[in-house]
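**Student:**
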Amino acid sequence: MLQMRLPSVAVLLAALLLPLSGLAKSDPAIQPVAWDEVQGKTAVEVVARLESQHFRRQTLNDELSAELFDNYLRALDPARLFLLQSDIDTFQSFRLKLDDTLHQGDLDPAFVMFKRYQQRVVERLEKVAVQLKSNPELFDFSRDEQLELDREQAPWPKTMAEADELWRLRLKGAALGLHLAGKEQKEIVKLLERRHRNQLNRTRQYSGDDVFQIYMNAIAALYDPHTNYLSPRVSENFNINMSLKLEGIGAVLQMEDEFTRVTRLVPAGPADKQGELKPADRIVGVAQGANGSFEDVIGWRLDDVVDLIRGPKGSVVRLEIIPAKAKSDAERRVIAITRNEVKLEEQSAQKRMLEVYQNGRTVKLGVISIPTFYVDFDAKRRGDPDYRSTTRDVKRLLDELLVDGAEGIIVDLRDNGGGSLDEVNSLTGLFIDSGPTVQIKHSSTRVFRDGKPRSGPYYDGPLAVMINRLSASASEIFAGAIQDYQRGLVIGSQSFGKGTVQSLMPLQYGELKLTESKFYRISGESTQNRGVLPDIAFPEIYDTEAVGESALEHALPWDRIAPVRHRVYFDLPAKLPQLAQAHEGRVRKDPDFIFLNEERKLLETARKQKLLSLNEAKRRKELDDERAKRLQIENARRTAKGLEPLAALDDEPIPDDPTAEAESAEAATDAETAKEKQPDPLLTEAGHILIDALPAYNKASFAYRNY
1 MLQMRLPSVA VLLAALLLPL SGLAKSDPAI QPVAWDEVQG KTAVEVVARL
51 ESQHFRRQTL NDELSAELFD NYLRALDPAR LFLLQSDIDT FQSFRLKLDD
101 TLHQGDLDPA FVMFKRYQQR VVERLEKVAV QLKSNPELFD FSRDEQLELD
151 REQAPWPKTM AEADELWRLR LKGAALGLHL AGKEQKEIVK LLERRHRNQL
201 NRTRQYSGDD VFQIYMNAIA ALYDPHTNYL SPRVSENFNI NMSLKLEGIG
251 AVLQMEDEFT RVTRLVPAGP ADKQGELKPA DRIVGVAQGA NGSFEDVIGW
301 RLDDVVDLIR GPKGSVVRLE IIPAKAKSDA ERRVIAITRN EVKLEEQSAQ
351 KRMLEVYQNG RTVKLGVISI PTFYVDFDAK RRGDPDYRST TRDVKRLLDE
401 LLVDGAEGII VDLRDNGGGS LDEVNSLTGL FIDSGPTVQI KHSSTRVFRD
451 GKPRSGPYYD GPLAVMINRL SASASEIFAG AIQDYQRGLV IGSQSFGKGT
501 VQSLMPLQYG ELKLTESKFY RISGESTQNR GVLPDIAFPE IYDTEAVGES
551 ALEHALPWDR IAPVRHRVYF DLPAKLPQLA QAHEGRVRKD PDFIFLNEER
601 KLLETARKQK LLSLNEAKRR KELDDERAKR LQIENARRTA KGLEPLAALD
651 DEPIPDDPTA EAESAEAATD AETAKEKQPD PLLTEAGHIL IDALPAYNKA
701 SFAYRNY
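In this text, residue positions in the sequence shown follow the numbering used here: the first is 1, and each later residue adds one.
1) Just to confirm before moving on: does the CB-CB distance between residue 374 and residue 419 stay below 8 Å?
2) Taking 8 Å as the cut-off, decide whether the C-beta atoms of residue 227 and residue 514 are in contact.
3) With H, G and I counted as helix, E and B as strand and the rest as coil, what does DSSP make of residue 695?
4) CA-CA distance, residue 680 and residue 294?
5) Between which two residues does the alpha helix (DSSP H) containing residue 201 stretch?
6) Suppose only complete runs of 4+ residues qualify. What are the alpha helix (DSSP H) ranges in the region 452-535, listed by chain order?
7) By Cβ distance below 7 Å, which residues in the same chain neighbour residue 691 in space, the five residues on each side in sequence not counted?
8) Counting beta carbon pairs with one atom in the region 489-504 and one in the region 523-531, are three or more of them shorter than 8 Å?
9) Is the CB-CB distance between residue 65 and residue 98 below 8 Å?
10) Taking the beta carbon of residue 38 as the centre, do at least 16 other beta carbons fall within 10 Å, making it buried, or is it exposed?
11) Less than 8 Å separating the beta-carbons of residue 426 and residue 454?
12) Could you spell out where the beta strand (DSSP E) holding residue 368 opens and where it closes?
13) Tell me where the beta strand (DSSP E) around residue 442 begins and ends.
14) Which value, in whole angstroms, describes the spacing of the CA atoms of residue 333 and residue 474?
15) Round the Cβ separation of residue 422 and residue 437 to the nearest angstrom and send it over; I've been treating them as touching at under 8 Å.
16) Over what stretch of residues does the alpha helix (DSSP H) that includes residue 336 continue unbroken?
17) Pick helix, strand or coil for residue 141, following the three-state DSSP scheme.
18) When DSSP builds the beta bridges, which residues end up paired with residue 317?
19) Rounding to the nearest angstrom, what Cα-Cα distance links residue 547 and residue 261 in this structure?
20) For residue 120 versus residue 87, is the C-beta distance shorter than 8 Å?
21) Whose C-beta lies closer than 6 Å to the C-beta of residue 582 among residues of the same chain, with five residues either side of it excluded?
22) What would DSSP say about residue 412, mapped onto helix, strand or coil?
23) Smallest Cα separation from residue 189: which of 199, 198, 181, 175?
24) Measure the CB-CB distance between residue 413 and residue 440 and report whether it falls below 8 Å.
25) Distance, Cα to Cα, residue 538 vs residue 688?
26) Along the chain, where does the alpha helix (DSSP H) containing residue 395 start, and where does it finish?
27) Between residue 142 and the rest of its own chain, which residues show a CB-CB distance below 6 Å, the 5 nearest in sequence each way excluded?
28) Using CA coordinates, which residue listed in 510, 301, 229, 289 is at the minimum distance from residue 312?
29) Go ahead and pull the three-state DSSP assignment for residue 177.
30) Between which residues of its own chain and residue 697 is the CB-CB distance below 8 Å, once the five residues before and five after are set aside?
31) By Cβ distance below 6 Å, which residues in the same chain neighbour residue 502 in space, the five residues on each side in sequence not counted?
32) So, are the CB atoms of residue 397 and residue 351 less than 8 Å apart?
33) Do three or more CB pairs link the region 195-211 to the region 158-166 at distances below 8 Å?
34) Do you know how far the Cα of residue 485 is from the Cα of residue 567?
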């Protein structure tokens, strides 16, 4: 059967290659892309491992071949701006054959599709250069036209004329955005020319490795978003990141259409400390030092953007970003970050004493913030009796807080993206007598349990755990266990939903990061996709449609397995209606919570927008109305707190003001101190909730003696 398939595929390939071969000959600047035998064998190995070892256990068949076909095209042309419907019609011959060719180690279909895509990109970008110089309509912002914001599900352009019109509107939208940001017309033309020229050069320089990586990741993504193929270059960068020795800003980035998007911040990293860069922000420009000129990075490859942001310790990098909550691409901010190395001690647990006035008295509550679950593996292996770990540090801090008179403990896991599984299990053991903390189901269907095997000392006093949308993986195991044991209250917003385990597998060429296990709570519920739902919910700070496992395509679903028998410490669910009522009564009048809810409404309004006006007057009115609304809700908050209202919002200066940039870079060193001084209304309210819950613990004093 294999021999019968090969000739038909070869005929199709020959037919598709004919219109493309002339382009390569006539334009020597285009680097030829081809695959080799090693990549073919690696593709066979990737497919075999995905089929046999991935948790999903799905076979690459005709059905998945059709999905791969669509996913690969989406990876090449996500906004459907380059390829034409006629190209897609020609490719349809491959739709149900990609599974067969991959099992044979044949990568021709992927490379044929890529070459057609490369041809269309080169043709389009060469045409853009002409349009920018000769089309005055690009700067006629008086016409009542609109730009479609999300074209992922839009039809492919049927004709070149239809594609030309899409690009005219796209270029006009980019020009208007820059115009609204304060750029002059000559500067706009120069910037757009440079942006598209850079994209053209990169397109011409694609290598066979690049195409192979795109194709392998299009396959891997069908299994789940955390399964990835790592080329030798990407694998090297991944290993650098895992060692925490990378000198940079401490941000995890990914590509989203033509933009570099912030996925998360490394706890205690430079960007996290600086405080302005947020998940879902898009980076559109990078500049070196206080006065360096900005490099427009729209359309750049992710590894090239990372190389530009990375730099020596102590140096400053400036990022021009489109904030996650921006209504349009015209809203830009400049952030200056001093590069540094993320160190273990900076990610360690920290304590503070929170004093909350309630019911006629001041109650002292201990707060332990844990940015990640860490352990100094090297020191532990050496037998160092003082090696650092999350559990050891938290036990010491807990002791100190209780000695200082804390009547309850808040464990703050907000923005904690996870870490060591051993550490989260041992940490849970500081708050329970004994028992399992997590179930791990392998792709083989075997279920393993981990936890505290023997009875031992633990803190049994009032406890609350704070989580948010960026609390993931190990954080969700801890919060879920505390909730299932009814050992403490979980307060905040729905967690990330990262309930899977990956392992790194070497290949003939590169490596495969593969999801092979899934976490389950002792209740039997998965932490995957749904995450942990809080007992008392706070307003969402992050857009759940942009941040979180449920926002990722092909994420493994939530499900459940058999629960584990476990004890219940307190009847906290019976107290929840009363706690929720008291909480709602407080936050209904709290200016900070009112502000958060109003900000959330603005974000939801912006997300629902499908079309963007290309009329300058309308766009300016939209921007002015949004700024006025933001100013209104900020001043309402300030007035309620007895502060002077602002005359205007303190918007960031445009990136062409070198004086402002220098001041911004200088101010970056003070950002961490300023951030620490700001009050945390969410933490304060968590304190109020824990105080309300004190009677549920039914004890006058708690077991510090057990420690």
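The C-beta atom is built at its ideal place from N, Cα and C for all residues, glycine as well.
**Tutor:** Taking the structure as given:
1) yes
2) yes
3) helix
4) The straight-line gap from Cα to Cα measures roughly 34 Å.
5) 185-204
6) 474-484
7) 356, 358, 363
8) Contact between the region 523-531 and the region 489-504 is present: three or more C-beta pairs spanning the two stretches fall below 8 Å.
9) Yes. Within cutoff.
10) exposed
11) no
12) 361-369
13) 435-442
14) When only Cα atoms are considered, residue 333 and residue 474 end up about 33 Å apart.
15) Not quite, the Cβ-Cβ distance comes to about 11 Å (not below 8 Å), so this is no contact.
16) Where residue 336 is concerned, there is no enclosing alpha helix (DSSP H), although the beta strand (DSSP E) it sits in stretches over 333-338.
17) In the structure shown, residue 141 sits in coil (DSSP, three-state: anything other than H, G, I, E or B).
18) 288, 337
19) 11 Å
20) yes
21) 692
22) Looking at residue 412 - three-state DSSP - the assignment turns out to be strand.
23) Considering only alpha carbons, the answer is 175.
24) no
25) 13 Å
26) 390-403
27) none
28) Minimum Cα-Cα distance from residue 312 among the listed residues 510, 301, 229, 289 corresponds to 289.
29) DSSP places residue 177 in helix when its eight states are reduced to three.
30) 461, 462, 570
31) Correct list, in chain order: 226, 513, 515.
32) yes
33) no
34) 6 Å
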